[in-house]
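63 is the number of the first residue of the sequence shown in our numbering; add one for each residue after it.
Note that CB positions come from ideal geometry on N, CA and C, so glycine has one too.
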Amino acid sequence: TSANLQEWIRSKDMTVAFVIKQLQYERLVLRTVSGEIKVDSQNVRLNELRGETPQGVLFGRGEGRFGPRQRLDVEAELNVDGIPAQDLLSSREGDTEPLQGNLSMNGVMQARVDADNPVWNTLSTAPHGITIKVLNGRLEQDPVLTKVLKILNLPAVLIGQVDLNQGGLPFHSLTARVVAKDGLFSSENIVLDSPIIKVTGAGTADVKDNGLDLALAVS
């Protein structure tokens, strides 16, 4: 059980360095993954995590702090540079990629694991949030932008130049700084720079009820 596993971990005091030649999560394949795990009676730490893909690299660290009643407070920091965004998104074989481009991201995420609350409801960031940037990409099947494009009649205006139904919306950059508190994510500076349109936005997303409140300015 989870409780027995935590008790076993807390009874140990050890340091383990590791190197993995290849690690795969969904469609993201990392090569030469390395790091160090330290365990004592109060914490489990993952230090100096490093992984590579053919296009980019990621660095990270993590810590789990044992609390009362089998609670575990988790904090993870991740820095990503140049990894394909589509490799981080779950997609069935043959499905259209919702987001393509070279992803860079850095920030700290915190959560609490216990029996009283779903972990998603406890997700929070450090005060400065998480910085996200996607360069030289395409955006497809986004319900918000699809409505905006139809209102602006862009599919008809761009006939013969860009096929939004087949190739999606090309963009130079998509950037945002996201702050989260107890499962509520917010951003005040979403910016999409495309050769077709320019979009700025702000809003919130609540993972507890899958709610989205977003305002966009488009030119």
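Query                                                                                                                                                     : Result
Just to confirm before moving on: does the CB-CB distance between residue 269 and residue 182 stay below 8 Å?                                             : yes
Where does residue 214 sit, in a helix, a strand or coil, going by DSSP?                                                                                  : coil
Give the straight-line distance between the Cα atoms of residue 170 and residue 76, rounded to the nearest whole angstrom.                                : 25 Å
Determine, using beta-carbon pairs with one atom in the stretch 185-192 and one in the stretch 234-253, whether at least three such pairs fall under 8 Å. : yes
Find the nearest neighbour of residue 251 within the set 193, 232, 199, judged by alpha-carbon distance.                                                  : 193
Quick one: Cα of residue 191 to Cα of residue 119, how far?                                                                                               : 21 Å
Bridge partners for residue 38 per DSSP, in chain order?                                                                                                  : A query on residue 38 cannot be resolved here, the shown segment of the chain reaching from 63 to 281 and no further.
DSSP three-state label for residue 184, please.                                                                                                           : helix
Determine, using beta carbons only, whether residue 174 and residue 133 come nearer to each other than 8 Å.                                               : yes
Going by alpha carbons, who is nearest to residue 85 out of 100, 111, 249?                                                                                : 111
Taking only the alpha-carbon atoms, compute the straight-line gap between residue 147 and residue 78 and give it to the nearest angstrom.                 : 31 Å
Using CA coordinates, which residue listed in 198, 249, 256, 82 is at the minimum distance from residue 94?                                               : 82
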